[in-house]
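> Protein sequence lines correspond, in order, to chains A and B. Start counting the first sequence at 1; every next residue gets the next number (my numbering). Start counting the second sequence at 1001; every next residue gets the next number (my numbering). Even glycine gets a Cβ: it sits at the ideal position worked out from N, Cα and C. Keep in mind it's a predicted model, so treat the numbers as computed, not measured.
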Amino acid sequence: MLSKRLIPWLTAVVMGAAAVMAHAQAAKAPDALIKEVSSDVLDAVKADKSIKQGDVNKVIALVDAKVMPHVNFQRMTASAVGRYWRQATPEQQKRLQDEFKILLVRTYSGALAQVQDQTVELKPMRGSADDKEVIVRTEIKGRGDPVQLDYRLENVGGAWKVYDINVLGVWLVENYRNTFSQEIGANGIDGLIGKLAERNKAAGATKS
Amino acid sequence: MKRLASIGLIVAMLLAFGGCASTTALVKDARGGPGARLDPWENWNRKVFAFNQGLDEKVLKPVATAYAKIVPQFARRSVDNFFANVADAWSAVNNVLQGKPEPALQDVVRVTTNTVFGFLGVLDVASEFGLPHHYEDLGQTLGRWGFGAGAYVVWPVLGPSSVRDSIALPADRGFASPAVFLNNGQWQVGITTLQIVNTRANLLGASQLLDDIALDKYSFMRDAYLQRRRSLVFDGDVPETPQPPDEPASAAPAGGAVAVPDAPASAASGAAPQ
């Protein structure tokens, strides 16, 4: 059963990118934001053949323009790095963010090719309207089983920003935490940066 | 029938063992702790994992790739549906055990519909009618009943598991496979092989993604497995545990070796299975 849902995983990762994109206006309800943005990006991907063929540069451009404004990527990275984040110099923090971002964006390029006829449906939200942090739950429906895709958002000065994505029950940022601290424990923060860069280079080499 | 009885006996014995295990510190470490605590057998697990990776690379992946290339998609979908139909029957049993009548009924309707109108489950008619899969298994049932996941375990060939899921494994492997209905040993081997190849073929895309995304495949898979299983126990609605602070407060000892960011979360989550 784990396996049956792992293929949709790919698609779901794409939607993760999709759903965090939004129009510029702030203070929209978080679930409405996610819904609108997911649908928009799905449409954009369906319309663009070169993304479906795995054009990495195009994906990066898309993510930079549409998705990143609505992601608190610093918090994402800090959260994955955990308690070592404060020990990192600003320069190290920046490099960690950059490499982590490339790592995540690269996965989209592979996954985007999987988008076909999916739609996004919101599940009922709990919590009150004035919460600072919320979880928005969605389901991606297409052929086969629906894919669970949830988001953690925080309210930053009136705008909702995503800081973790849950695909099929797995919080992505949380999932890196042990690996990151294991690597830092063994080789320090620069060791982790090096490892990320190396992984990004290797993935780039096999893709192109 | 004899076979069913013996499986039942094994399960009962394992349940008893699991009862002991869960009262120990294991249950506290069910999820969220650092690697060392949720994975006390890491050294051994890594060896088995490496063995499994080698086996996959040399045998399973090439076979599954060939299968996906040679067999047309509609045929592969039929094979997939056939296995899923048997899993649905096992899911119905587990929904009953978990006291969830509505999903249990849906599973029963799914199985009967697909078996009768879908040619023994080859066609998934029920999904066309909007009846969802549930995929409950005994591992999830035990979780529902309050068993913590326990330590992470990697089995040769079978892959990631936990103490709890290992206890359920004989039943989950046995009853969720069509092999349970067959008396002929050769047929059992054949159908099990097909099931393994089908599963691996479904995972071809995901394993490529995993290669790209994971810094350390072992720990990435481990953490994903444990998170995923925990989510399944709660049917995707895991109770929120207090988020570990991203930047620990000054209370954390600056030079301390074992400040664990999410220790409070794991303690809280282990204690509250419902």
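Taking just the CA atoms, how far does B/V1125 sit from B/L1131?
In the second sequence, residue 1131 of chain B corresponds to position 131, counting from 1. In the second sequence, residue 1125 of chain B corresponds to position 125, counting from 1. Whole-angstrom Cα-Cα distance: 9 angstroms.
> Verify the CB distance criterion: does B/Y1152 have a CB-CB separation below 9 angstroms to chain A?
Taking the first residue of the second sequence as 1, we reach residue 1152 of chain B at position 152. No, B/Y1152 lies away from the interface with chain A (no Cβ there is under 9 angstroms from its Cβ).
> In chain B, which residues lie with their C-beta within 9 angstroms of the C-beta of A/R199?
As a first step, residue 199 of chain A is located in the first sequence; it is residue number 199 there, counting from the start. Going along chain B in sequence order, the residues near A/R199 (Cβ under 9 angstroms) are D1212, I1213, A1214, L1215.
> In this structure, how does DSSP classify A/Y163 when only helix, strand and coil are distinguished?
On the first sequence, residue 163 of chain A is found 163 positions in, with the first residue counted as 1. Strand.
> CA-CA distance, B/R1076 and A/A186?
Your numbering for residue 1076 of chain B matches position 76 in the second sequence. Your numbering for residue 186 of chain A matches position 186 in the first sequence. Distance between the alpha carbons of B/R1076 and A/A186: 44 angstroms.
> Listing by chain order, which chain A residues have their CB less than 8 angstroms from the CB of B/F1220?
Residue 1220 of chain B sits at position 220 when you count from the first residue of the second sequence. By Cβ distance, chain A contributes N175, Y176, T179.
> Tell me the DSSP secondary structure of A/K141 in three-state form.
Position 141 of the first sequence holds residue 141 of chain A. Three-state DSSP puts A/K141 in a strand.
> How far does the beta strand (DSSP E) with A/V45 in it reach, from first residue to last?
As a first step, residue 45 of chain A must be located in the first sequence, where it is residue number 45. Looking at the DSSP string, A/V45 is not in any beta strand (DSSP E); the run it does join, the alpha helix (DSSP H), is 30 to 47.
> Where does A/R126 land, buried or exposed, given buried means 16+ other C-beta within 10 angstroms?
For this step, residue 126 of chain A is matched to residue 126 along the first sequence. Result: exposed.
> Counting only C-beta atoms, is B/S1231 closer than 9 angstroms to chain A at any point?
Sequence index remark: in the second sequence, residue 1231 of chain B carries index 231 (1-based). Closer than 9 angstroms to some Cβ of chain A, the Cβ of B/S1231 qualifies, so yes.
> With A/V71 and A/K132 assumed to form a contact (beta carbons below 8 angstroms), what rounded beta-carbon distance in angstroms separates them?
Against the first sequence, residue 71 of chain A aligns to sequence position 71. Against the first sequence, residue 132 of chain A aligns to sequence position 132. Not a contact, Cβ separation roughly 17 angstroms.
> May I ask which residues mark the beginning and end of the beta strand (DSSP E) holding B/D1165?
The residue given as residue 1165 of chain B occupies position 165 in the second sequence. Taken as a continuous stretch (DSSP letters only), B/D1165 belongs to no beta strand (DSSP E), being part of the alpha helix (DSSP H) at 1163 to 1175.
> When you compare the CB positions of B/R1229 and B/Q1140, do they come within less than 9 angstroms of one another, or not?
As a working mapping, residue 1229 of chain B is identified with position 229 in the second sequence. As a working mapping, residue 1140 of chain B is identified with position 140 in the second sequence. Yes, the pair counts as a contact, with Cβ atoms nearer than the cut-off.
> Residue ranges of each alpha helix (DSSP H) run of no fewer than 4 residues wholly in the stretch 1084 to 1144 of chain B, ordered along the chain?
Counting only runs of 4 or more, we get 1101 to 1117, 1125 to 1128, 1138 to 1144.
> For chain B, is any of its Cβ atoms less than 9 angstroms away from the one on A/W171?
Sequence index remark: in the first sequence, residue 171 of chain A carries index 171 (1-based). Yes, its Cβ sits closer than 9 angstroms to a Cβ of chain B.
> Give the residues of chain A in contact with B/G1236, contact being defined as C-beta atoms less than 7 angstroms apart.
Residue mapping note: residue 1236 of chain B aligns to position 236 of the second sequence, counting from 1. Within chain A, the residues near B/G1236 are Q148, G169.
> When the cut-off is 9 angstroms and only beta carbons count, does A/Q182 lie next to chain B?
As a working note, residue 182 of chain A is residue 182 in the first sequence. Yes, contact with chain B.
> Flag B/L1209 as yes if its beta-carbon sits less than 9 angstroms from any beta-carbon of chain A, otherwise no.
Walking along the second sequence from the start, residue 1209 of chain B turns up at place 209. So yes, B/L1209 belongs to the interface.
> With DSSP run on the structure shown, which of helix, strand or coil describes A/Q278?
Because chain A spans 1 through 208 in this model, residue 278 of chain A falls outside it and cannot be assessed.
> For A/T107, decide whether its Cβ has a neighbour in chain B, counting only Cβ atoms nearer than 9 angstroms.
As a first step, residue 107 of chain A must be located in the first sequence, where it is residue number 107. Yes, A/T107 lies at the interface with chain B (some Cβ there is under 9 angstroms from its Cβ).
> Closer than 8 angstroms by C-beta to A/E99: which residues in its own chain qualify, once you throw out the five before and the five after it? Chain order, please.
Position 99 of the first sequence, counting from 1, holds the residue named residue 99 of chain A. Same-chain partners within the cutoff: I193, L196, A197, N200.
> Got a sec? Which residues, its chain only, sit under 7 angstroms from B/R1110 by beta carbon, not counting five neighbours each side?
For the purposes of this step, residue 1110 of chain B is identified with residue 110 of the second sequence, where counting begins at 1. Excluding residues within five positions, the ones whose Cβ falls inside 7 angstroms are D1088, A1126, L1131.
> Can you find a CB in chain B that lies within less than 9 angstroms of the CB of A/D57?
The residue given as residue 57 of chain A occupies position 57 in the first sequence. Sequence check: residue 57 of chain A is Asn here, not Asp. Taking Cβ atoms only, chain B never reaches closer than 9 angstroms to A/N57, which makes this a no.
> Given a cut-off of 9 angstroms, decide if B/D1223 and A/E174 are closer than it, judged by their beta-carbon atoms.
Here residue 174 of chain A refers to the residue found at position 174 of the first sequence. Here residue 1223 of chain B refers to the residue found at position 223 of the second sequence. In contact: A/E174 and B/D1223 (Cβ atoms closer than 9 angstroms).
> Identify the contact partners of A/K195 in chain B, using a Cβ-Cβ distance below 9 angstroms as the criterion.
Mapped onto the first sequence, residue 195 of chain A falls at position 195. Ordered by position in chain B, the residues that pass the 9 angstroms Cβ test against A/K195 are L1215, D1216.
> Following the continuous beta strand (DSSP E) through B/V1153, name the residue where it begins and the one where it ends.
Here residue 1153 of chain B refers to the residue found at position 153 when the second sequence is read from its first residue. Unbroken beta strand (DSSP E) run through B/V1153: 1152 to 1155.
> Give me the DSSP bridge partner(s) of A/V134.
On the first sequence, position 134 is the one that residue 134 of chain A refers to. Answer is A/L153, bridged to A/V134.
> Along the chain, which unbroken stretches of the alpha helix (DSSP H) at least 4 residues long are found entirely within the stretch 1183 to 1231 of chain B?
The stretch 1183 to 1231 of chain B contains these whole alpha helix (DSSP H) runs: 1185 to 1202, 1204 to 1213.
> Just verifying my parser: in three-state terms, what is the DSSP assignment at A/L122?
Translated into positions along the first sequence, residue 122 of chain A becomes position 122. A/L122: strand per DSSP, three-state reduction.
> Please classify B/G1159: does DSSP put it in a helix, a strand, or coil?
Locating residue 1159 of chain B in the second sequence gives position 159, where the first residue counts as 1. B/G1159 falls in the strand class under three-state DSSP.
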